[in-house]
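Working notes, beginning with the structure itself.
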Amino acid sequence: MAGIQVLQCSSENLGDLLLKSDPRLLMRSEKEVLKQMESIAVIKVAIGITRTELMRVIQDNDEAFRTFVTRVRGKAETCCFETSVDCTCGKTIIADYTEEVIKDVMIAGISDVDIRREVIGIQEIQSRSVNDIVSLVESREVGRQATCGNHSVAAVSTFKQLKRNESQKSPCPGCSKCSTHTRREKLVGIRNRSSNV
């Protein structure tokens, strides 16, 4: 009976595929239905492919570092970074090294070259936690954004200052168009008038 409930929770298309693959599926147990469902719905991808894709992940230019790390973690969790080690006591120990790979990929994938160079140069960076590295990079990004913003404000201020200075030019004697001409243009105009006489 539990198999029917599992089947009812699936999408209509998946349910149809399951029933076509095994018309007696409704009589099977929950575990059997789930196993059949996995065999049809899940496309297995070689671990080598997912690991290669993970190693190529880099931070997008406008992507927050924390969002990038979340993307890296999601990809790394599907890569099965485990190895087995035989202990001297005779037991086999499974060692999961996913966190170490996440650190490597997130540091190598930092989009800002200066921040990446600085982080790579920090002694013992691999001994820090993922959250510590995220905080470190985010503080550098905030600093970069603050300094980039000041340059544009300074440029705007300089532009406005030049416009203000231009509008405050003192008029030349005898010229009715002083507000739109510079002193040099006026002198050229005066020379042209005197040569015509």
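Mapping to the working numbering: the sequence shown position 114 is 266, numbers consecutive. Note that the Cβ used here is the ideal one computed from N, Cα and C, for glycine as well.
Report yes if the CB atom of Q157 is closer than 7 Å to the CB atom of L170, and no otherwise.
Between Q157 and L170, the C-beta gap is not smaller than 7 Å, which leaves the two residues out of contact.
For I285, tell me which candidate among F220, E234 and C239 has the shortest Cα-Cα distance.
Ranking F220, E234 and C239 by Cα distance to I285 puts F220 first.
V253 versus Q211: straight-line alpha-carbon distance, rounded:
A straight line joining the alpha-carbon of V253 with that of Q211 spans about 16 Å.
Do F233 and T250 have their CB atoms nearer than 7 Å?
Yes; because the gap between Cβ atoms is below 7 Å, this pair is in contact.
Could you please give the first and the last residue of the uninterrupted beta strand (DSSP E) stretch that includes T248?
Going by the sequence as given, residue 248 is Asp instead of Thr. T244 to D248 is the span of the beta strand (DSSP E), which, as asked, contains D248.
Could you check the C-alpha separation between S291 and L186 for me, to the nearest Å?
For S291 and L186, the distance between alpha carbons rounds to 46 Å.
Taking 8 Å as the limit between beta carbons, can you name the residues of its chain near I267, skipping five residues before and five after?
Contacts found: V289, R292, E293 and R296.
Have a look at E184 and E164 and give me their C-alpha separation to the nearest angstrom.
Distance between the alpha carbons of E184 and E164 is about 19 Å.
Rounded to a whole number of angstroms, what is the C-alpha to C-alpha distance between A198 and T299?
Between the alpha carbons of A198 and T299 lies a distance of about 45 Å.
How should M179 be labelled, buried or exposed, when 16 other C-beta atoms within 10 angstroms of its C-beta is the threshold for buried?
So M179 counts as exposed.
With a CB to CB cut of under 8 Å and the five nearest residues on each side skipped, what residues in its chain are close to E229?
Cβ within range, chain order: T250.
If you run the structure through DSSP and keep just helix, strand and coil, what is E182?
E182: helix per DSSP, three-state reduction.
Hey, T235 and A216: beta-carbon distance below 7 Å or not?
Their beta carbons are not under 7 Å apart, which means T235 does not touch A216 by this criterion.
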